[in-house]
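Worksheet for the structure shown next.
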Amino acid sequence: EVSGNVKATSFIGSGSALTGIAGAEDPGADGWVLRADGTTENASAAIVDFGTEVHIGSNVSHSGGAITLGKSGWYFVIYKMTHYASDSDNSQLYIRVSTTKQTSKVYWESNDPYEGRTGFGLMYAAANTTINIYGTGKWYGHNSVESGTYFMGWLLSP
């Protein structure tokens, strides 16, 4: 018999006799949801500045489209970009950790009205680094759930 706090990474058995187990830390604390609140355009490659903070966890911060992480670990990141009307801009985007491009390039040619593309990736990032969406294009946004352009992520495992 053990009393007090015990940290275990795994156990053998069904776990049916275990009691007093606390739930995981608050998953929202290490996550974010941003959306574009209007038409957004990057004529040259830059960080996409999503205008609306739907959710910013207590362990992350947001500035100019970049999320600064409070904890090191494996993050799952998703972004969806919706081409603005019949604009002639091509879109080419990446997820970046700091300034390093990660998985999930999204690209499409001009004149695809309101065509949406989604990118996602699982990546390790250290505390106090940033995650951002970087690229060129012109995208549709809206200041409600109607927005077709968003960026979200959360810590899966420290």
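Numbering (our numbering), first residue to last: 839 to 996. Glycine residues also receive a C-beta, built at the ideal position from the N, C-alpha and C atoms.
* Asked: Whose C-alpha, out of Y972, I916, K943, is nearest the C-alpha of F958?
  -> I916
* Would you say the region 887 to 901 touches the region 928 to 947, given that touching needs at least three Cβ pairs under 8 Å? -> no
* To do: Indicate whether G975 and Y952 have their beta-carbon atoms separated by less than 8 Å.
  => no
* Asked: Are three or more beta carbon pairs between the region 904 to 923 and the region 962 to 971 nearer than 8 Å?
  -> yes
* Could you check where the beta strand (DSSP E) with Y945 kicks off and where it finishes? -> 944 to 946
* Asked: Smallest Cα separation from T878: which of W992, Q940, Y922?
  -> Y922
* To do: Going by CA-CA distance only, name the one from L993, V935, Y972, P996 that's closest to D887.
  => Y972
* Throw me the rounded Cβ distance for the W992 and D868 pair, which I believe falls under 8 Å. => 6 Å
* Ranges of the beta strand (DSSP E) found wholly within the region 962 to 992, counting only runs of at least 3 -> 968 to 977
* Spatial neighbours of V983 in its chain, beta-carbon cut-off 6 Å, leaving aside the 5 residues before and after -> none
* Between G954 and T920, is the Cβ-Cβ spacing less than 8 Å? -> yes
* Keeping to the same chain, check which residues put their C-beta closer than 7 Å to that of A883; ignore five residues upstream and five downstream. => Y972, G973, T974
* Asked: Of the residues W870, D864, V892, which one's Cα is nearest the Cα of H1011?
  -> With the chain covering only 839 through 996, there is no way to say anything about residue 1011.
* Closer than 6 Å by C-beta to D875: which residues in its own chain qualify, once you throw out the five before and the five after it? Chain order, please. => G889, T890, G979, N981
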